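Residue numbers (the numbering used here): 54 to 1199.
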């Protein structure tokens, strides 16, 4: 009997219902079926690793034995750092702020205290840490926690001033409570305030020091349950630190003072100092300063102690940067920081609080950075940070991800980037050295490119789920810097960050990089290992302007059938010019023909790396600034770069430094324009849109999106409806998103918290209603919704229907769903290429899709991906003989199929993805072979054609949070998983897929989240991740010494189990806390399994050690027994010998 497989039936039904049949095609042979190897079981979605600085940090902890650093954030995240390359990200489900972290030193566990009054116990003995227990305080607010070294009892201070005690093994509450009214003076009439500090005396575990916010400090005797001493000061307390001998402690106060107290002298402090206060004459009290937020008191065996504090600056230091103060003996060093100090910790040689601490470094957690200071070297230099925490050095504006790059690319970038490193770091090794690296199964190179608001472009090595900066390119060095307000005629389009990177196009094989900026400028850069000195960097100016004629007629004049090779500009190179005479050529003194930025006229020294060869700028037209660039592409084989915006398209020959084509979008259609163009209003043509140019990001009110220019919208209020419409469109054009949304999505994504419309939505500002759908081919296009160029792709394909030969082409996609093809005529041979002009003409081919076109790609007849043609990289400064040899070789793109394909005219497939659907077009017939309507109630934000498992698929990320993949060329649905909602336009701007099942996006302004949709990578992920916990022996306790042990000195131990256990203190109130077991899930089970394996291994090791010791004991017992028998025998012989003898016979 044949086995019935319901899964195959369901797959068939799904494919049959989702895949739309192709439209009726003219009679002819059907396209041959392509064997597809990718199936649904090849796909699985999971997060891999998070890189970057923890966003909005709030807490810091360090395990001095395991050498692991933990950072908590205000959004409930937890980041763990070990040796370089060992990182881990965890997240509390509640999202509440982490207020404090406490390691169970050398136990592989961590306690986190959250602002929602919950305590969580994390198991760090697994590669993905998981919560084992949680405790929710129901009636009191948690303010401070303290876990003594090698103790299982956690002290928890509350806002009411009480102290509760938690057993961290069972995560249960003890019945022992220190009540605030018993701790303070009975005569005191006021509440002492919340608990801000708890610590036990280093020399006596039975004495607990409790600091209250009001300024009262109490030394509590745990055994007798009463206060031994009370210390009172007029100013509020922020922190307390012990001297290791337990005889003194130091307090920091809100008026910038430090008070030192003797334990047995509670009447007054031994010393009161104001580190940053001005000492007044006549013995008056120094002027008050800002609060000292934290102080640490660390001793050394062979020198003066260290007193380290944050804050405490005088109030008259307006504008001074935050500082960390290091006081060592008579010297005081004030170390300025770039950002506010969140917390700091002193790293010491010993974990025991009752020994000389011997501090060697200070970890300073800043608002946007992590700094380690070397205390052992003069001048206190900082350590070079090996973690990738500088992603946000300037706000990130765009991301691109390249997997399976050429193997020689990362070493080349590293070699030129190594020269950019700063000097003056500490010579010691990075002290946070815990954990072990994972066993990376991935061997292919991966590179991430980030563009930034200051015009810089960073290249990162992302191989094997790690991240390391390779090289940084500063594009702003090409331009003149404005020196003052009067010297800003060329940069007034964008008030801040005029050099911000908007998008990049990179050819890894030829190492040609194109960067498009927010001021409508494009830089063409080539990689070189040699330093270059450019006399003048060539600059081209492009005039793109969209004029609309009378209603009902096509846009612009009738397009000529074959434009001249030069397009609308002369093909000869443009000399550098500042155009002083053309900036006010139009009537009324309006600015015209002027670029937004000035290129430097002085010789520019360009270091090894990417060197700028050409600058292309769009110019002002009739007093209106150029629109932002919405699409960009470069091809090294053709020597062309193309870019477009909502006005049109420009094709530039970067080899001959000439503009080949400059056309309005409607001119690409020629006489076959399907749209009816509205006339331009003179009032609208004079709108300034400077504010809109810098408004290219998400509009949320949260502080994480406070990035300048490309990362934040303009804060100025738009006074007219027209200005707001223009700005909405500019934002939309940049993002290349859908003009109107389906009805059921409109209420959800209509207006965000700040009142701005997202880039994908168009509103009629006058009545706050949505504009009608523009999916109809005869829809009217007005000024606010001009057709923008949204996708560009170079390819060797068939330019026209029924062509028999392949040729170089440029495929152009628009925001209204049109795909147009430009045929490119390239001169034969390398020598002729530099002399004869390149021809670029519209071929007349036009295809239509629903929604804005996002991505295009080409497959051969067997379904294999055809990447754009490219040339291999070679150094330009090689000797002439080698150049001649290179020229002798026939110039042929290395990635194009052999000439046999051109002779035979093999068919191809064009894959086109839009916001609504995907189509596979059979070429040269231009018939729709396959079609898939991907979303009905949402729209696609990002689509990429990627290689996976020796095959190809289409990967999409939708605004409804779904990630989908489709087979090619048949467009069968393979994966559809809900991942995350589009809560922020930053995600939409930075989400990208790449080969081998990898993807990433900017999850916060400072962090990159990487994920995979490959089943194979998900299975290997556990091996690739690093180990946080490694078995390390705890250092031996300090020797008490003979006299201290004889006379009762040294540390006094405390049997906390006897004191806090249920037998002695009883049970705690059930209504006070709620115990919550740790969450389950597959990852938790895997982690628990690995933790159980580790526990079994440790138990087996302990048993082996115990067996060995028992064996040694048995041997010693046998030896003692043998010795005893021998002694007994000899004694018996002696007794017999002298038994009968008299005393005088001895």
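Backbone N, C-alpha and C define an ideal beta-carbon position, used for all residues, glycine too. Predicted model only: the values in this text are computed from it and were never measured.
In the DSSP assignment, find the unbroken beta strand (DSSP E) run with residue 693 in it and report its ends. 693-697
What residues are listed by DSSP as bridge partners for residue 579? 565 and 664
Whole-Å CB distance - residue 369 paired with residue 341, under 8 Å assumed: Going by Cβ atoms, the distance from residue 369 to residue 341 rounds to 11 Å, so no, they are not a contact pair.
When the Cα of residue 136 is compared with those of 877, 1132 and 485, which residue comes out closest? 485
Here's the rule: buried if 16 or more other CB atoms are within 10 angstroms of the residue's CB, otherwise exposed. What is residue 374? exposed
Per DSSP, what kind of secondary structure is residue 1023 in: helix, strand or coil? coil
Relative to the alpha-carbon of residue 883, which residue among 1190, 709, 314 and 902 has its alpha-carbon at the smallest distance? 709
Is the Cβ-Cβ distance between residue 577 and residue 469 less than 9 Å? no
Alpha carbons only, please: which of 372, 255, 332 and 328 is nearest the one belonging to residue 296? 255
Considering only residues of the same chain and omitting the five flanking positions on each side of residue 1119, which have a CB-CB separation below 7 Å? 228
Opening and closing residue of the alpha helix (DSSP H) in which residue 468 lies: 462-470
Any idea which residues DSSP pairs residue 1201 with across the strands? Past the edges of the chain, shown from 54 to 1199, lies residue 1201, and the structure says nothing about it.
Just mark residue 356 as buried or exposed, buried being the case when its beta carbon has 16 or more other beta carbons within 10 Å. exposed
With which residues is residue 427 paired in a DSSP beta bridge? 414
Between residue 1012 and residue 991, how many whole angstroms is the CB-CB distance? I'm expecting something under 8 Å. 5 Å
Secondary structure at residue 531, three-state DSSP: helix, strand or coil? helix
Given a cut-off of 9 Å, decide if residue 647 and residue 672 are closer than it, judged by their beta-carbon atoms. yes
Between residue 433 and residue 111, what straight-line distance do the alpha-carbon atoms span, to the nearest angstrom? 25 Å
Over what stretch of residues does the alpha helix (DSSP H) that includes residue 1040 continue unbroken? 1038-1043
Looking at residue 912 and the ligand ADP, is the gap between the Cβ and the nearest heavy atom below 8 Å? Questions concerning the ligand ADP fall outside what the structure shown contains, since it holds no ligand whatsoever.
Exposed or buried, residue 464, counting other C-beta atoms within 10 Å across all chains shown (16 or more means buried)? exposed
Under the rule that 16 or more other beta-carbon atoms within 10 Å means buried, what is residue 1188, buried or exposed? exposed
So, helix, strand or coil for residue 393, using DSSP? coil
Once you ignore the five residues that flank residue 844 on each side, which residues in its own chain have a CB closer than 7 Å to its CB? 684, 866, 906, 907, 908 and 909
Whole angstroms is fine: what's the gap from residue 116's alpha carbon to residue 923's? 51 Å
Would you decide whether residue 555 is buried or exposed? Buried here means 16 or more other CB atoms lie within 10 Å of its CB. buried
Which whole-angstrom value is the C-beta distance of residue 197 and residue 248, which I expect to be below 8 Å? 5 Å
Compute the Euclidean distance between the alpha carbons of residue 154 and residue 195, then round it to the nearest angstrom. 13 Å
State the start and end residues of the unbroken beta strand (DSSP E) segment that holds residue 1077. First-last for residue 1077: 1068-1077, but that is the alpha helix (DSSP H), not the beta strand (DSSP E).
Can you tell me whether residue 519 is helix, strand or coil according to DSSP? coil
Per-residue DSSP class, three states only, for residue 556: strand
Helix, strand or coil at residue 1183 according to DSSP, with G and I counted as helix: helix
Among 87, 92 and 96, nearest to residue 1072 - alpha-carbon criterion: 96
Residue 912 and residue 872: beta carbons closer than 9 Å? no
Do residue 502 and residue 452 have their CB atoms nearer than 9 Å? yes
Residue 238 (DSSP reduced to helix, strand or coil): coil
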